[in-house]
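Right, one structure below, let's go through it.
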Amino acid sequence: MNLRKLVEKTEYQLVQGNLDVEVVNIENDSRKVTEGTLFFCITGAVSDGHQYAKEVSEKGACVLVVEKEVEVTENVTVLRVENTRYAMAMISTAFYDYPSDQLKVIGITGTKGKTTTTYMIKSMLEAAGHKTGLIGTIESVIGDKVIPSQNTTPESIVMQKRLREMVDAGLDSVVMEVSSQGLMLDRVAGISFDYGIFTNLSEDHIGPNEHKDFAEYLGWKSKLFRLCKKGIFNIDDPYCEEILNGHTCDVITYGMKDEADYQAKNLKLYEKEACLGITYELDGINQEDVIVDMPGEFSVHNSLSAIAVAKEMGVPMEHILEILTTIRVKGRVELIPISDSFTILIDYAHNAASLESLLGALREYHPARLITLFGCGGNRSKVRRYEMGEVSGMQSDLTIITSDNPRDEEPQAIMDDIKIGIGKTSGKFVEIMDRKEAIRYAILHARQGDVIVLAGKGHETYQEIKGVKYPMDERVLIREILEEEDVTKICGYNNRYFA
Numbered sequence: 330m331n332l333r334k335l336v337e338k339t340e341y342q343l344v345q346g347n348l349d350v351e352v353v354n355i356e357n358d359s360r361k362v363t364e365g366t367l368f369f370c371i372t373g374a375v376s377d378g379h380q381y382a383k384e385v386s387e388k389g390a391c392v393l394v395v396e397k398e399v400e401v402t403e404n405v406t407v408l409r410v411e412n413t414r415y416a417m418a419m420i421s422t423a424f425y426d427y428p429s430d431q432l433k434v435i436g437i438t439g440t441k442g443k444t445t446t447t448y449m450i451k452s453m454l455e456a457a458g459h460k461t462g463l464i465g466t467i468e469s470v471i472g473d474k475v476i477p478s479q480n481t482t483p484e485s486i487v488m489q490k491r492l493r494e495m496v497d498a499g500l501d502s503v504v505m506e507v508s509s510q511g512l513m514l515d516r517v518a519g520i521s522f523d524y525g526i527f528t529n530l531s532e533d534h535i536g537p538n539e540h541k542d543f544a545e546y547l548g549w550k551s552k553l554f555r556l557c558k559k560g561i562f563n564i565d566d567p568y569c570e571e572i573l574n575g576h577t578c579d580v581i582t583y584g585m586k587d588e589a590d591y592q593a594k595n596l597k598l599y600e601k602e603a604c605l606g607i608t609y610e611l612d613g614i615n616q617e618d619v620i621v622d623m624p625g626e627f628s629v630h631n632s633l634s635a636i637a638v639a640k641e642m643g644v645p646m647e648h649i650l651e652i653l654t655t656i657r658v659k660g661r662v663e664l665i666p667i668s669d670s671f672t673i674l675i676d677y678a679h680n681a682a683s684l685e686s687l688l689g690a691l692r693e694y695h696p697a698r699l700i701t702l703f704g705c706g707g708n709r710s711k712v713r714r715y716e717m718g719e720v721s722g723m724q725s726d727l728t729i730i731t732s733d734n735p736r737d738e739e740p741q742a743i744m745d746d747i748k749i750g751i752g753k754t755s756g757k758f759v760e761i762m763d764r765k766e767a768i769r770y771a772i773l774h775a776r777q778g779d780v781i782v783l784a785g786k787g788h789e790t791y792q793e794i795k796g797v798k799y800p801m802d803e804r805v806l807i808r809e810i811l812e813e814e815d816v817t818k819i820c821g822y823n824n825r826y827f828a
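With this note's numbering, you'll find the sequence shown wraps up at 828, consecutive numbering, no jumps.
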């Protein structure tokens, strides 16, 4: 593609060369540069792309987009911009011929609920005949093609390529998780959002490599609602008004407050064959009886936001209601139905706030015992370990402390930190370092009416130790345990999951 066409929506200064250059590839990874590549010099947290300017020009890069002065041969065109990340997004959008203009784009931001809500919406739209892609924490889905995710919101080059693949595959819509990092680092710049959804906000992703404080975190989350045409907001969240500040979109609301456009009333918990769910009456724009086959009040909010966008896109209510009774999302309060007598769930809860929310919701079902199995990641804040230990000690009848992703730390040292938190409570605990053996212990010691939560790993299918990711999927571990044990000794065994 001609460079002049690529930069038609980008402000730049032509430092050297000319715009009559044919670009065959765009890259921000110097290792992937080939003849005819436009290379973005990105200043990152670990390395600075400007230091590779000479190297990539020798490998055949014909254009460099820079923020700083670089020295390259005269045959290379150099464009200087104020922000190479923003320029990368806009040029990538042009390179892939503005794919978001050819899709209905739904973006979801918030601290919790993004992943579950994306799958709800995708399922509802597909039930109504839409061909819908997905980009999120777990994976990107393009028709039958599934690509494991590296980031919740991919870099703009990857993002635009995915959107182009969706258009070329005949898809008409896409639902995506939009992280605060994705907004701050311009990964979604140039995307035409039809709908933006705000789920909720709590302290997370605050630290030296992410956001300096909560105010900055909130500020970047709110940016989505200056990019989308219609915004769908959880008005029950205490930060909703602040998220709305400066919005330029039409506003649709959901929640339990009377003024919500999509309101949930008369919530009731239900339990059937060790499956936990919730029902409510939908009021406002639509009146329906709703059954959500997932536990907790947070499932009500997730379902309300999905209902709102699905109705906006013309999905019949019967399809919406059917999806909510069958929805399963990997690693998000994911039921593993191996028994009619006790409940076992896998969830990604990996900080104190998410664990407290999850365990609080499950407590409302009055289990005989609430058993929580978790570990904490290495090379991360010790405070998180203390806090998660304290939450589990206060909310659980039994905590099984085990290993998560120890990374470069010793697993026992991490487990000892968790015990410090539990020590602030009267909670009972056992410690079993090997995660498979910890799960085995939970299953073999389960009693009638217990709820067992395997927390922290969720959708992950690996365990990271000393820089190596070893295969480890909790669903596989459960299957192996069932194959290795005399299942007649497992309380209420009735394996519907692996049958």
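Using N, Cα and C, we set each Cβ at its ideal position, and we do this for glycine too.
Can you tell me where the alpha helix (DSSP H) holding residue i begins and where it ends?
{"i": "A637", "result": "E626 to E641"}
{"i": "G722", "result": "K711 to Q724"}
{"i": "F424", "result": "T413 to F424"}
{"i": "Q741", "result": "P740 to I751"}
{"i": "Y799", "result": "Not the alpha helix (DSSP H): Y799 falls in the beta strand (DSSP E), residues V797 to P800."}
{"i": "E793", "result": "First-last for E793: Y791 to I794, but that is the beta strand (DSSP E), not the alpha helix (DSSP H)."}
{"i": "T445", "result": "K443 to A456"}
{"i": "I768", "result": "R764 to L773"}
{"i": "S469", "result": "Here S469 belongs to no alpha helix (DSSP H); instead the beta strand (DSSP E) covers E468 to I471."}
{"i": "G511", "result": "S509 to M513"}
With DSSP as the reference, please indicate the residues paired to residue i in a beta bridge.
{"i": "L492", "result": "In DSSP, L492 forms no bridge with anything."}
{"i": "A593", "result": "L611"}
{"i": "S502", "result": "K433 and T461"}
{"i": "I526", "result": "I437 and I561"}
{"i": "V395", "result": "R409"}
{"i": "C604", "result": "K601"}
{"i": "R661", "result": "V658"}
{"i": "S668", "result": "Y822"}
{"i": "G584", "result": "Q592"}
Give me, in chain order, the residues of the same chain whose beta-carbon lies closer than 6 Å to that of residue i; leave out the 5 immediate sequence neighbours on both sides.
{"i": "V720", "result": "A681, L684 and E685"}
{"i": "V759", "result": "I729"}
{"i": "A678", "result": "L684, L687 and A784"}
{"i": "P477", "result": "E468"}
{"i": "T445", "result": "N631, V658 and R661"}
{"i": "S485", "result": "M417, A418, S421 and R516"}
{"i": "L727", "result": "I700 and K757"}
With a threshold of 16 other CB atoms inside 10 Å of the CB of residue i, please say whether the residue is buried or exposed.
{"i": "I749", "result": "exposed"}
{"i": "D676", "result": "buried"}
{"i": "A390", "result": "buried"}
{"i": "V407", "result": "buried"}
{"i": "L512", "result": "buried"}
{"i": "N529", "result": "buried"}
{"i": "Q741", "result": "exposed"}
{"i": "G575", "result": "exposed"}
{"i": "K443", "result": "buried"}
{"i": "T413", "result": "buried"}
{"i": "K338", "result": "exposed"}
{"i": "T655", "result": "exposed"}
{"i": "N404", "result": "exposed"}
{"i": "G796", "result": "exposed"}
{"i": "L343", "result": "exposed"}
{"i": "K550", "result": "buried"}
{"i": "P645", "result": "exposed"}
{"i": "T817", "result": "exposed"}
{"i": "S376", "result": "exposed"}
{"i": "L332", "result": "buried"}
{"i": "D426", "result": "exposed"}
Compare the beta carbon distance of residue i and residue j with 9 Å and say whether it is the shorter of the two.
{"i": "S725", "j": "L783", "result": "no"}
{"i": "G462", "j": "I471", "result": "yes"}
{"i": "P696", "j": "T731", "result": "no"}
{"i": "P735", "j": "I794", "result": "yes"}
{"i": "G560", "j": "S670", "result": "no"}
{"i": "L702", "j": "I781", "result": "yes"}
{"i": "G439", "j": "I520", "result": "no"}
{"i": "V507", "j": "T466", "result": "no"}
{"i": "Y524", "j": "A416", "result": "no"}
{"i": "I652", "j": "M449", "result": "yes"}
{"i": "K451", "j": "V504", "result": "yes"}
{"i": "G704", "j": "R764", "result": "yes"}
{"i": "Y694", "j": "E812", "result": "no"}
Who are the Cβ neighbours of residue i in its own chain at under 8 Å, not counting the five residues just before and after it?
{"i": "L547", "result": "L530, Y568, E571 and I572"}
{"i": "L500", "result": "L432, K460, T461, G462, I471 and G472"}
The beta strand (DSSP E) spanning residue i covers which residue range?
{"i": "M699", "result": "Reading the sequence as shown, one finds Leu at residue 699 and not Met. It spans L699 to F703 - the beta strand (DSSP E) in which L699 sits, taken as one unbroken run."}
{"i": "Q345", "result": "Q342 to Q345"}
{"i": "K388", "result": "It is not in any beta strand (DSSP E) - K388 carries neither H nor E in the DSSP assignment."}
{"i": "A830", "result": "Residue 830 lies beyond the residue range present for the chain, which begins at 330 and ends at 828; the question has no answer from this structure."}
For residue i, which residues from the same chain have a beta carbon less than 7 Å from its beta carbon, with the 5 sequence-adjacent residues on both sides left out?
{"i": "S429", "result": "L492, I520 and S521"}
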